[in-house]
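Here is the structure we will look at, set down as structure tokens.
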Amino acid sequence: MAPGDGTAGLPALGVDVGGTKVAGGVVAADGTVLATARRSTPTASVAETETAIAGVVEELAVWHGGDLAAVGVGAAGWFDRTGDVVLFSPHLAWRHTSLRRDLAARLHRPVWVGNDADAAAWAEYRFGAARGSDLALCVTLGTGIGGGIVAEGRLQRGAHGVAGEWGHMRVVPDGRLCPCGNRGCWEQYASGSALATTAREVATRSPAAAARLLDRVDGDPSRLTGEDVARAAADGDPVAQSLVTDVGEWLGQGIADLAAVLDPDVVVIGGGVSVLGEMVLRPARERLERVLPGRGFRPGPRVVAAELGAQAGLVGAADLARTAPA
Numbered sequence: 001m002a003p004g005d006g007t008a009g010l011p012a013l014g015v016d017v018g019g020t021k022v023a024g025g026v027v028a029a030d031g032t033v034l035a036t037a038r039r040s041t042p043t044a045s046v047a048e049t050e051t052a053i054a055g056v057v058e059e060l061a062v063w064h065g066g067d068l069a070a071v072g073v074g075a076a077g078w079f080d081r082t083g084d085v086v087l088f089s090p091h092l093a094w095r096h097t098s099l100r101r102d103l104a105a106r107l108h109r110p111v112w113v114g115n116d117a118d119a120a121a122w123a124e125y126r127f128g129a130a131r132g133s134d135l136a137l138c139v140t141l142g143t144g145i146g147g148g149i150v151a152e153g154r155l156q157r158g159a160h161g162v163a164g165e166w167g168h169m170r171v172v173p174d175g176r177l178c179p180c181g182n183r184g185c186w187e188q189y190a191s192g193s194a195l196a197t198t199a200r201e202v203a204t205r206s207p208a209a210a211a212r213l214l215d216r217v218d219g220d221p222s223r224l225t226g227e228d229v230a231r232a233a234a235d236g237d238p239v240a241q242s243l244v245t246d247v248g249e250w251l252g253q254g255i256a257d258l259a260a261v262l263d264p265d266v267v268v269i270g271g272g273v274s275v276l277g278e279m280v281l282r283p284a285r286e287r288l289e290r291v292l293p294g295r296g297f298r299p300g301p302r303v304v305a306a307e308l309g310a311q312a313g314l315v316g317a318a319d320l321a322r323t324a325p326a
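And the structure:
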């Protein structure tokens, strides 16, 4: 039975595939997660990754024991517009892989597959911070920056399936080298990796000023991570707080650029860096207010924290699988 033909009220299975774990959940039609399961991600093998996904799905299906609408799978990577093919995944072995067809044949269930940030954006639109929005953007701040677009009740994948990769907007000409091959990408200044990079630079140049940060890594600036800086900022370290503010200001600059093009009514900030809450959102809003094109003559978007946390990807994938056409 295909999604949309009487199964819309049933629970669905959502799976979020990351570089370290495959996390799944049984998700009710109202977005409630009823049960979860996980496996480690075998990143080097397409077949083993699909086996891990299938293992999570079957474990949850056995736990549920009843009818399920469909299976949704979200993963970091670029998918074609149909969702049938994974064009590229930075952390996994998928390269032009027919993932939906392969999983549907293996699981004998209807399957939706797509980008994990798209799935998270959909979850926030349906059940979280973007409920009721006409045009919502989700910006996920993690190692890099991903995102998704929901307009007039539909997830927008773009002409080729890769919309929402705004972490690679160039904000600093000839700036920091990005893994994508370009320089000056937004995610090099407003992400977890950006927080770590700046902290290492500061600690190397001014070890006395960064003494509290260096105490966390036995004096070795190369070991500093974004998590170290976030914890130090939460503990009141003024240098760490300044670094977080800097990331927030870059975040606000990028949101202003997005607002110039797309004019959203809300921008939802999710991902690991979002746990900093107002420490990063306040400077983002302040920068947005200062640099929004047409400021003073037009409203800007609301900038809010995501509500669904780490489960947003699997919740969104499950709901997209439940509501997608066959």
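With the UniProt record's numbering, letter number 61 in the sequence shown gets 61, and the count goes up by one each step, no holes.
By construction, the Cβ of each residue, glycine as well, lies at the ideal position given by its N, Cα and C atoms.
All figures in this text were calculated on a predicted structure; none of them were measured in a lab.
Nearest-angstrom Cα separation, counted from residue j out to residue i
i: residue 302; j: residue 155; result: 19 Å
i: residue 218; j: residue 91; result: 30 Å
i: residue 2; j: residue 69; result: Any reading at residue 2 must be qualified, since the residue scores a pLDDT of 43, below 50, and its modelled position is unreliable; no value is offered.
i: residue 312; j: residue 152; result: 20 Å
i: residue 47; j: residue 22; result: 14 Å
i: residue 192; j: residue 122; result: 23 Å
i: residue 126; j: residue 209; result: 45 Å
i: residue 58; j: residue 323; result: 21 Å
i: residue 25; j: residue 60; result: 7 Å
i: residue 86; j: residue 50; result: 13 Å
i: residue 167; j: residue 182; result: 11 Å
i: residue 33; j: residue 297; result: 43 Å
i: residue 18; j: residue 76; result: 7 Å
i: residue 179; j: residue 65; result: 44 Å
i: residue 326; j: residue 100; result: Note that residue 326 has pLDDT 46, beneath the 50 cutoff, so the model's placement of it is unreliable and no number is given.
Contact belief for residue i with residue j at Cβ below 8 Å, rounded distance in angstroms
i: residue 315; j: residue 14; result: 6 Å
i: residue 305; j: residue 52; result: Not a contact, Cβ separation roughly 31 Å.
i: residue 244; j: residue 280; result: 6 Å
i: residue 164; j: residue 184; result: About 19 Å separates the two Cβ atoms, so there is no contact after all.
i: residue 150; j: residue 254; result: Actually they do not touch by this definition, with Cβ atoms about 19 Å apart.
i: residue 309; j: residue 259; result: Actually they are not in contact, since the Cβ atoms of residue 309 and residue 259 sit about 25 Å apart, beyond 8 Å.
Residue i - containing alpha helix (DSSP H), residue span
i: residue 181; result: Premise fails: residue 181 is in no alpha helix (DSSP H) and is neither H nor E.
i: residue 102; result: 99–107
i: residue 331; result: Absent from the model: residue 331. The displayed extent of the chain is 1 to 326, so no value can be given.
i: residue 16; result: Element bounds for residue 16: not the alpha helix (DSSP H) but the beta strand (DSSP E), 12–17.
i: residue 63; result: 46–64
i: residue 231; result: 226–234
DSSP three-state assignment for residue i, whether helix, strand or coil
i: residue 89; result: coil
i: residue 1; result: With a pLDDT of only 38 at residue 1, under the threshold of 50, the placement of this residue in the model should not be trusted, and no figure is reported.
i: residue 326; result: No answer about residue 326 holds up, because its pLDDT of 46 lies below 50 and its placement is not dependable.
i: residue 288; result: helix
i: residue 78; result: strand
i: residue 94; result: coil
i: residue 209; result: coil
i: residue 320; result: helix
i: residue 309; result: helix
i: residue 341; result: Residue 341 is absent from the structure shown; the chain starts at 1 and stops at 326.
i: residue 69; result: coil
Residue i, enclosing beta strand (DSSP E) - first and last residue
i: residue 198; result: Looking at the DSSP string, residue 198 is not in any beta strand (DSSP E); the run it does join, the alpha helix (DSSP H), is 192–205.
i: residue 38; result: 33–40
i: residue 112; result: 111–115
i: residue 140; result: 135–141
i: residue 144; result: Segment: none, residue 144 is in no beta strand (DSSP E) and carries neither H nor E.
i: residue 164; result: Element bounds for residue 164: n/a, residue is neither H nor E.
i: residue 305; result: 302–305
i: residue 271; result: No beta strand (DSSP E) holds residue 271; DSSP gives it neither H nor E.
i: residue 26; result: 21–27
Contact test: residue i Cβ vs the ligand NAP heavy atom, cutoff 7 Å
i: residue 231; result: Of ligands this structure carries none, so the ligand NAP is not represented either.
### Query
Do three or more CB pairs link the segment 109–122 to the segment 57–74 at distances below 8 Å?
They touch, by the three-pair rule.
### Query
With a cut-off of 8 Å, do at least 3 Cβ pairs link the segment 266–279 to the segment 222–241?
A contact exists between the segment 266–279 and the segment 222–241.
### Task
Could you say if the segment 129–141 and the segment 265–274 meet the contact criterion of at least three C-beta pairs nearer than 8 Å?
yes
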